[in-house]
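Chains as they are written, first to last, in the numbering used here: chain S, 54 to 385; chain L, 1254 to 1584. All C-beta atoms, glycine included, are put in the ideal place defined by N, C-alpha and C.
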Amino acid sequence: MAEAKHNSDDYLRMYRQMVRIRAFEDQANQLYLSAKMPGLTHMYSGQEAVAVGICEALTPQDHITSTHRGHGHCVAKGADFKAMFCELLGKEEGYCRGKGGSMHIADQSNGNLGANAIVGGSMGIATGAALSHKMLGDGQVTVCFFGDGATAQGLWYEVMNMAALWGLPVIYACENNGYSEYTKTEEIAAGSMTARAEAFGIEAHSIDGQDVLAVNKLSAELVARCRKGEGPFFIELKTYRYHGHHVGDINRDYYRSKDEEAEWKTTRDPITGFGKWLQSEGIVSADDLVAINDAVKQDAEAAVQYALDAAYPDGSEVDMHVYAGTRHALSA
Amino acid sequence: MRQITLGKAVNEAIAEEMRRDDRVFLMGEDVAEAGTPFKITAGLVEEFGTGRVIDTPISEPGFVGMGVGAAMTGTRPIVDLMFGDFLFLVMDQLCNQAAKTHYMSGGKLTVPMVLRTNLGATRRSAAQHSQSLHALVAHIPGLKVALPSSAYEAKGLLKTAIRDDNPVVIFEDKLMYNDKAEVPEEEYLIPFGEAAVLRKGRDITLVGTSSMVQVCLKAADLLEKQGISAEVIDPRTIVPLDEATIVESAKKTSRAIVVDEGHQSYGVSAEIAARIAEKAFYHLDAPVLRFGAMDVPVPFSPALEDLTVPTPEKVAEAAAKICRGELVHAA
Chain S
54 MAEAKHNSDD YLRMYRQMVR IRAFEDQANQ LYLSAKMPGL THMYSGQEAV AVGICEALTP
114 QDHITSTHRG HGHCVAKGAD FKAMFCELLG KEEGYCRGKG GSMHIADQSN GNLGANAIVG
174 GSMGIATGAA LSHKMLGDGQ VTVCFFGDGA TAQGLWYEVM NMAALWGLPV IYACENNGYS
234 EYTKTEEIAA GSMTARAEAF GIEAHSIDGQ DVLAVNKLSA ELVARCRKGE GPFFIELKTY
294 RYHGHHVGDI NRDYYRSKDE EAEWKTTRDP ITGFGKWLQS EGIVSADDLV AINDAVKQDA
354 EAAVQYALDA AYPDGSEVDM HVYAGTRHAL SA
Chain L
1254 MRQITLGKAV NEAIAEEMRR DDRVFLMGED VAEAGTPFKI TAGLVEEFGT GRVIDTPISE
1314 PGFVGMGVGA AMTGTRPIVD LMFGDFLFLV MDQLCNQAAK THYMSGGKLT VPMVLRTNLG
1374 ATRRSAAQHS QSLHALVAHI PGLKVALPSS AYEAKGLLKT AIRDDNPVVI FEDKLMYNDK
1434 AEVPEEEYLI PFGEAAVLRK GRDITLVGTS SMVQVCLKAA DLLEKQGISA EVIDPRTIVP
1494 LDEATIVESA KKTSRAIVVD EGHQSYGVSA EIAARIAEKA FYHLDAPVLR FGAMDVPVPF
1554 SPALEDLTVP TPEKVAEAAA KICRGELVHA A
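What follows is the structure, encoded as structure tokens:
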């Protein structure tokens, strides 16, 4: 593992944040399987080192844009379990008052500009946020999370061009989990991901997205350089999606083998790997890790129960928040 | 009072708002030194610099999307879309992103962005540079839509749009950029959702939007010569729509025609006519009529293009018929 931060507290926070993401997703999956969650959701499990490694390099004010597979980014950027589960269940206390759900979940107060259900849909928003911050001169950095599937969207090439022309403080973080929905990425993507960014003169990196320290080290460097006006940057993070495209995508042998899934889970799991490293460095004991895991699981279970018991929004909210400054759009 | 062109009025509105609020900036294709193909933004880059008057590549989805993100994070972009026809290129950014962000975030994020664009046929520009597509965006909750009908409205509505905390799409009639109207030297704003009654009348209500306001006023002149008194209403914004003023007028006159340059089918004229029919039905003496652009792609040849848009003569003829109690759609 590459070293980045040198403080045990930082390491433990990164470990705990990855465990929190996994625990959140395990609970969300159970909510779906037990038919307690409206709609469906896209699991982030397996990709935790990406969200945590990057978000730990950001301040709460720095912005991110997220994706349909966005719970991990939301947790990593500082969100609270209760408001997240409330959002997943369409409850009033959700981050979006139940109006967004899983695919639009975001803790806006921590710089999350929203999960986006249009693949690649946030690339303009992230680049525009970077333009804003450059104009305002506040030194903030924006990270645009997207998957390998989104690299097929033309929007990305338009905004990368402008980001490069204008030197915007944005980092394009491509989580290459190998699958574009139900299709192997190698079947939909020609050439290399990094070459695409390099074509615009953007410095591009490709790294192991299962190694949280490597992700954090590179992110911290690039964020610092963005703040100095050296952006934009591109990172391809090679990672793996443990579940199907969404929670209902269970029988997926036709595009991905169980052996492949088992290999990633047993040999390249980001949480297990980092846990082992923490022990080998003498930072924690096996018991310490179990205690963290148990405490997080309890937190998640309590938050789920809280959300299950929480109130739905009143029907009068249906036409609220259509327009800023207009309390009810349909009775104004 | 001084008279200035619609183009100059737009330029003044942008300049005044950029002087007032340094978070306001302008971006789009050829908005800086070129001042747009219509020369509307000429001079702004000299005053505000290339940091706030930004020429973009020809990447409409890209720079509209960036406008959305910039608006969400503390600045107030005016995004210039060179032709209204290019709306089709930016629909995801405008309708899936800008329009829904405030709602989907439970009211926590806002998108104070203005998309300036245009509408209007008869410029001999053929089917991809002549459309009036405001109905497309008016259909999407979360967007506001302004349709200035003169230099006065263009300035007052644009200033209001720039100060609004929501995404606003403002359509200027590209054939009116050189038309002059009285515009005060001193600052003024035109509130959204307040129609203007441009001419009082008692026999029929003509509701016209944007380019069609002049058509309605000319039709009213023609009708006056026949002893028919037409009331002319300009909604000025179609989202929000000042329904009350329109419905009350229709109740008073008992007849109404709605004229709008979008395609007639499934359009703005249909929406306003339906609201009049729903809310003034028992006061009406005739069916509410619609006039829109003909339901064909806009043709190039002047001989064909001129057939596709409503004219004062056609509107006046139909108005006179229904005022006489004749059936317009009997044939």
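Inter-residue spacing [alpha-carbon to alpha-carbon] between residue i and residue j
| i | j | result |
| --- | --- | --- |
| L/Lys1453 | L/Glu1579 | 24 angstroms |
| S/Arg278 | S/Gly284 | 7 angstroms |
| S/His121 | L/Arg1489 | 38 angstroms |
| S/Gly167 | L/His1536 | 49 angstroms |
| S/Val128 | S/Trp209 | 25 angstroms |
| L/Gly1327 | L/Ala1483 | 47 angstroms |
| L/Lys1574 | L/Ala1539 | 10 angstroms |
| L/Val1549 | L/Val1512 | 17 angstroms |
| S/Met156 | L/Val1421 | 25 angstroms |
| L/Ser1358 | S/Ala132 | 14 angstroms |
| S/Val375 | S/Tyr64 | 42 angstroms |
Beta-carbon proximity list for residue i, same chain, < 8 angstroms, skipping 5 on both sides
| i | result |
| --- | --- |
| L/Ser1403 | Leu1259, Met1429, Asp1432, Ala1434 and Val1466 |
| S/Val349 | Arg69, Val72, Arg73 and Ala76 |
| L/Pro1290 | Asp1283 and Met1335 |
| L/Glu1269 | Lys1412 and Glu1440 |
| L/Ala1584 | Confidence at L/Ala1584 is low in this model, with a pLDDT of 47, below 50, so the placement of that residue should be treated as unreliable; the coordinate-derived value is given next. Within the same chain, L/Ala1584 has no close Cβ partners at all. |
Residue i beta carbon near the ligand FAD (any heavy atom closer than 8 angstroms)
| i | result |
| --- | --- |
| L/Pro1365 | This structure does not include the ligand FAD; it has no bound ligands of any sort. |
Within 9 angstroms, strictly: CB atoms of residue i and residue j
| i | j | result |
| --- | --- | --- |
| S/Phe77 | S/His126 | no |
| L/Thr1458 | L/Ala1414 | no |
| L/Met1366 | L/Ala1407 | no |
| S/Gly181 | S/Gln206 | no |
| S/Gly368 | L/Asn1419 | no |
| S/Tyr148 | S/Leu342 | no |
| S/Asp184 | S/Leu221 | Position check: residue 184 of chain S holds Leu in this sequence, whereas Asp was assumed. For S/Leu184 and S/Leu221, yes; Cβs fall inside 9 angstroms. |
| S/Thr292 | S/Glu228 | yes |
| L/Val1500 | L/Lys1478 | no |
| S/Thr118 | S/Val196 | yes |
| L/Leu1334 | L/Phe1301 | no |
| L/Glu1558 | L/Val1568 | no |
| L/Val1332 | L/Phe1316 | yes |
| S/Met246 | S/Glu314 | no |
| L/Ala1571 | L/Lys1412 | no |
| S/Gly262 | S/Gly154 | no |
| L/Thr1375 | L/Val1468 | no |
| S/Gly177 | S/Asp201 | no |
Residue i - DSSP class collapsed to helix/strand/coil
| i | result |
| --- | --- |
| S/Arg75 | helix |
| L/Glu1514 | strand |
| L/Met1254 | coil |
| S/Val105 | helix |
| L/Gln1574 | In the sequence as displayed, the identity of residue 1574 of chain L is Lys instead of Gln. Correct three-state label for L/Lys1574: helix. |
| L/Thr1458 | strand |
| L/Ala1546 | strand |
| S/Ala42 | Chain S is shown from 54 up to 385; residue 42 of chain S falls before or after that span and cannot be answered. |
| S/Arg249 | helix |
| S/Cys139 | helix |
| L/Ala1473 | helix |
| L/Val1500 | helix |
Cutoff 7 angstroms; reference residue i; Cβ partners in own chain excluding five residues on either side
| i | result |
| --- | --- |
| S/Lys318 | Tyr295 |
| S/Arg75 | Ser98, Glu101 and Ile324 |
| S/Ile255 | Met213, Ala217, Pro285, Phe286 and Phe287 |
| L/Pro1555 | Arg1377 |
| S/Phe198 | Ile117, Thr118, Ser119, Thr120, His126, Ala226 and Glu228 |
| L/Met1254 | Glu1435 and Pro1437 |
Residue range of the alpha helix (DSSP H) that includes residue i
| i | result |
| --- | --- |
| L/Arg1528 | Val1521 to Ala1533 |
| S/Ser259 | First-last for S/Ser259: Glu256 to Asp261, but that is the beta strand (DSSP E), not the alpha helix (DSSP H). |
| S/Asp341 | Ala339 to Asp362 |
| S/Thr118 | Taken as a continuous stretch (DSSP letters only), S/Thr118 belongs to no alpha helix (DSSP H), being part of the beta strand (DSSP E) at His116 to Thr118. |
| S/Cys279 | Val265 to Arg280 |
Contact set for residue i: own chain, Cβ-Cβ below 6 angstroms, skip 5 residues either direction
| i | result |
| --- | --- |
| S/Glu239 | none |
| L/Gln1350 | Val1321 |
| L/His1382 | Phe1336 and Asp1338 |
| S/Asp115 | Gly164, Gln193 and Val194 |
Under 8 angstroms from the C-beta of residue i: neighbouring residues of chain C
| i | result |
| --- | --- |
| S/Val375 | Although the question refers to chain C, the structure presented lacks it and instead comprises the protein chains S and L. |
Residue span of the beta strand (DSSP E) that contains residue i, given as start and end
| i | result |
| --- | --- |
| L/Asp1333 | Arg1329 to Asp1333 |
| L/Ala1399 | Lys1397 to Ala1399 |
| S/Tyr225 | Val223 to Asn229 |
| L/Ile1311 | Counting along the chain, L/Ile1311 falls outside any beta strand (DSSP E), and DSSP gives it neither H nor E. |
| S/Met213 | First-last for S/Met213: Gly207 to Trp219, but that is the alpha helix (DSSP H), not the beta strand (DSSP E). |
| L/Asn1264 | It is not in any beta strand (DSSP E) - L/Asn1264 instead sits in the alpha helix (DSSP H) that spans Leu1259 to Arg1273. |
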